[in-house]
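The working numbering applies: residue 37 is where the first sequence begins, and numbers increase by one. Using N, Cα and C, we set each Cβ at its ideal position, and we do this for glycine too. Written out below as structure tokens is the structure these notes cover.
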Amino acid sequence: MSQTLKAVRGTRDLLPPETALWNRIEAIARDVFARYNFGEIRTPAFEDTALFARSVGEETDIVSKEMYSWSDGDRFDSAAIEKCWKDDFSQRQQVRTPVFGPSPYPNVQLRVIRGSISIPGIIVELVCFRPTISAEAIDALARAKDAEVSSGTAENLISLTLVVPSSATENAWIHRGAVSVEKLNGQFFISSQSLTLRPENTAGVVRAYIEHGLGESGQLQKLYYIGPQFRRERPQKGRYRQFSQIGAEVIGPPSAGSESPLRDAEILEMLATLLDELGITGWTLELNSVGSAADRTRYNEALRAALVPVVSQMCADCQRRAVTNPLRVLDCKVPADQPIIDTLPVIADSLDEASQAHFAAVTAALDAAGVPYVLNHRLVRGLDYYTRTTFEFTHGGLGAQNALLGGGRYDGLSEAIGGPKAPGIGFAIGEDRLVLTLLAALDQNSAQLKADGYIAPLGEALNAAALVLARELRHQGLWIELGDGSFRLKKSFDAADKTARRIVILGEDELQSGILTVKTFATGIQTKVPRAELAAFLAE
RNA sequence: GCGGCAGUAGUUCAGUGGCAGAACGCCUGACUGUGGCUCAGGAUGUCGUGGGUUCGAUCCCCACCCGCCGCCCCA
Numbered sequence: 037m038s039q040t041l042k043a044v045r046g047t048r049d050l051l052p053p054e055t056a057l058w059n060r061i062e063a064i065a066r067d068v069f070a071r072y073n074f075g076e077i078r079t080p081a082f083e084d085t086a087l088f089a090r091s092v093g094e095e096t097d098i099v100s101k102e103m104y105s106w107s108d109g110d111r112f113d114s115a116a117i118e119k120c121w122k123d124d125f126s127q128r129q130q131v132r133t134p135v136f137g138p139s140p141y142p143n144v145q146l147r148v149i150r151g152s153i154s155i156p157g158i159i160v161e162l163v164c165f166r167p168t169i170s171a172e173a174i175d176a177l178a179r180a181k182d183a184e185v186s187s188g189t190a191e192n193l194i195s196l197t198l199v200v201p202s203s204a205t206e207n208a209w210i211h212r213g214a215v216s217v218e219k220l221n222g223q224f225f226i227s228s229q230s231l232t233l234r235p236e237n238t239a240g241v242v243r244a245y246i247e248h249g250l251g252e253s254g255q256l257q258k259l260y261y262i263g264p265q266f267r268r269e270r271p272q273k274g275r276y277r278q279f280s281q282i283g284a285e286v287i288g289p290p291s292a293g294s295e296s297p298l299r300d301a302e303i304l305e306m307l308a309t310l311l312d313e314l315g316i317t318g319w320t321l322e323l324n325s326v327g328s329a330a331d332r333t334r335y336n337e338a339l340r341a342a343l344v345p346v347v348s349q350m351c352a353d354c355q356r357r358a359v360t361n362p363l364r365v366l367d368c369k370v371p372a373d374q375p376i377i378d379t380l381p382v383i384a385d386s387l388d389e390a391s392q393a394h395f396a397a398v399t400a401a402l403d404a405a406g407v408p409y410v411l412n413h414r415l416v417r418g419l420d421y422y423t424r425t426t427f428e429f430t431h432g433g434l435g436a437q438n439a440l441l442g443g444g445r446y447d448g449l450s451e452a453i454g455g456p457k458a459p460g461i462g463f464a465i466g467e468d469r470l471v472l473t474l475l476a477a478l479d480q481n482s483a484q485l486k487a488d489g490y491i492a493p494l495g496e497a498l499n500a501a502a503l504v505l506a507r508e509l510r511h512q513g514l515w516i517e518l519g520d521g522s523f524r525l526k527k528s529f530d531a532a533d534k535t536a537r538r539i540v541i542l543g544e545d546e547l548q549s550g551i552l553t554v555k556t557f558a559t560g561i562q563t564k565v566p567r568a569e570l571a572a573f574l575a576e
């Protein structure tokens, strides 16, 4: 008997009525995005690992230890194989390996391909690729069998392909024992592709921007997405291994105004609007500029230098960070360290003139629009691609996970992954955290939406008539729950009160007369309503 | 990944080295076409999983799984 299967660690099922809240959030977000002229983009849930390594940054926690990555399996380079079979036979080397039982080469996996090759008398032929079924291949196989066997290792082998005649069974071949293996030095394989479940969505959007030449339109691209992301972290409240983000990106060639501080301000103003419309109160917008890549390098050096004389008085974490990632020292929450951190240089002093002017324009526009914010020169976000404006909207009541959303500008991201110059700015909202915040503020009872009516047939003989009535009402746009004639009326009332605002009683009398009995739960008033007027009555 | 706390009915939680408990919820009846209140009755569990100690383990010990809190980091 197997264990009961459960949702895996860090994942969960979303059930009604909570899913209604998710849908409402997404509907409001789509509505706001549409008014700001954003269009939806849907990118794949997994991408080439290299995309994240190059955009998010090799050294970040996300890439170095939190990604769900796997090898997509080897692929044969058929051109190289063909060339080798034809002209490069001498370069091949053979080793012997048992194919039954543990392989002495841990990296080697056996693959069996059944083909239509038939070579009389041959016991086993093991080659490291799938040969084309041609006279040359058959000839080569025969020669391979006869070739000199020399000792060697198969460390470079990724997989072996055992070619067997279609008439043979796998087991019969495997039980022959040792087979000869050609050493290929990897040249016949396109090394297996590493894929990764997306840990964030900006990289995918920028990849799509480049791949589809969206910059060629010369227009600013304004794209939003809603979807699951994956990070292998220790789960906590508000932190899951599969979590949903609602995000948007503004990206385009500089000529389209993609570098303008107005874009930054517009994004932030849109977020303030979105949070307000969602009914989130008490949020704080924290704002900073991390400058250009050059600014940040300068600042890192300044920070490192400033830390030298004081770091020994700081907490153990900070001593480590001072070496690995000085910017992270600014995030330290140890009270005793705060006075020391206050003496450290701030990044604003390392910004060049252009970055300073950009940031000043952003804050000026926010002031004009009346969007409140606080400057936080300690806000240094963890992803490598951020430049200039960075921001976070935080909210109390989320514990250690107080960031409701985060984002920033990424002027060099497109070029970093091989695209054209395409500055951009974007953000990602943690939808799970949004739900938690709203759930905490929600009145449990008022949150429960109920159907317009519950139809209670009296007796199973009236079930069919009840379905007809429900169909009529539903076609008129009403939200109807249908009971069952086998219930006693008492039970129908009980069920109806939980799911609907009114109960419609359908007995023999009602069916004959066409006058239905309707009771409104909120008032307790019971009335007779002609069938023709029922829809209008229930809609009230 | 590290540290701490927890896991018992659908839910929230008591509890004990020797029969498995409460409240709420659920079902049935009092009440054959009128719920919410009341009353009476009922069902519900491999006490997270696997080992160990013991005559006997839900309880003690170990491991694992999962959750929560903090760290790391992030949404």
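Rounded C-alpha distance that separates residue i from residue j
i, j, result
"G442", "A568", "54 Å"
"A506", "W515", "9 Å"
"M580", "I461", "The structure shown does not extend to residue 580, since the chain is modelled only from 37 through 576, so no value can be given for it."
"G343", "V382", "According to the sequence displayed, residue 343 carries Leu and not Gly. When rounded, the distance between both Cα atoms is 13 Å."
"T423", "D447", "6 Å"
"T55", "A384", "43 Å"
"L220", "T85", "For L220, the predicted structure reports a pLDDT of 37, less than 50, and the residue's modelled location is therefore unreliable. The matter cannot be settled from this model."
"V504", "E576", "22 Å"
"L580", "E95", "Residue 580 lies beyond the stretch modelled for the chain, which goes from 37 to 576, so this question has no answer here."
"R332", "N324", "13 Å"
"Y335", "V99", "23 Å"
"A35", "S528", "Beyond the ends of the chain as shown, which are 37 and 576, falls residue 35; an answer cannot be given."
"R524", "Q562", "19 Å"
"E252", "V241", "16 Å"
"G151", "F82", "Only weak support exists for where G151 lies, its pLDDT of 29 falling under 50; the value from the coordinates is given anyway. Near 33 Å, if we compare the C-alpha coordinates of F82 and G151."
"R364", "E428", "16 Å"
"L314", "K486", "21 Å"
"G263", "R45", "19 Å"
Status (buried if at least 16 other CB within 10 Å, exposed otherwise) for residue i
i, result
"L425", "A quick correction: the sequence has Thr, not Leu, at residue 425. Buried, by the Cβ-count rule."
"D300", "buried"
"L298", "exposed"
"H394", "buried"
"R577", "Summary: the structure shown does not reach residue 577, with the chain confined to residues 37 through 576, and so no result is reported for it."
"E247", "exposed"
"T559", "exposed"
"T189", "Note that T189 scores 30 on pLDDT, short of 50, meaning its location in the model is unreliable and no value can be drawn from it."
"E496", "exposed"
"A341", "exposed"
"L250", "buried"
"Q512", "exposed"
"T317", "exposed"
"P235", "buried"
"Q272", "exposed"
"Q265", "buried"
"S522", "exposed"
"K369", "exposed"
"Q257", "buried"
CB of residue i within 9 Å of CB of residue j, strictly
i, j, result
"A492", "A502", "yes"
"K564", "T556", "no"
"F74", "Y260", "yes"
"T582", "A464", "This structure leaves residue 582 out entirely; the chain is present only between 37 and 576."
"I539", "G489", "yes"
"A244", "T79", "yes"
"A477", "I282", "no"
"A532", "E517", "yes"
"L321", "L304", "yes"
"F69", "A284", "yes"
"G444", "S386", "no"
"A458", "S294", "yes"
"E467", "S280", "yes"
"H431", "W319", "yes"
"R469", "L440", "yes"
"S91", "D420", "yes"
Any non-hydrogen atom of the ligand ZN within 8 Å of residue i CB
i, result
"L411", "The model on display carries no ligand, and the ligand ZN is accordingly not part of it."
Just checking, does the segment 266-276 make contact with the segment 375-385 on the three C-beta pairs under 8 Å criterion? The segment 266-276 is not in contact with the segment 375-385.
Start-end ranges of the beta strand (DSSP E) lying completely within the segment 518-558, minimum 3 residues: Qualifying beta strand (DSSP E) stretches, in chain order: 538-542, 551-556.
To test your reading of the DSSP string, which unbroken beta strand (DSSP E) runs of 3 or more residues are found completely within the segment 413-458? As summarised for the segment 413-458, the continuous beta strand (DSSP E) elements at least 3 residues long and confined to that stretch are 423-430, 439-445, given in chain order.
When you compare the segment 341-356 with the segment 445-458, are there three or more beta-carbon pairs, one atom per stretch, that lie closer than 8 Å? Taking one beta carbon from each stretch, the segment 341-356 and the segment 445-458 have fewer than 3 pairs nearer than 8 Å; the two do not touch.
At what residue ranges does the segment 312-399 contain a whole run of the alpha helix (DSSP H), taking only runs of 4 or more? Taking only runs of at least 4 residues, the alpha helix (DSSP H) segments lying wholly in the segment 312-399 are 329-343, 352-360, 374-379.
Which full runs of the beta strand (DSSP E) of 3+ residues lie inside the segment 223-302, going along the chain? Every beta strand (DSSP E) stretch that sits fully inside the segment 223-302 and reaches 3 residues is listed by chain position as 230-233, 257-266, 278-287.
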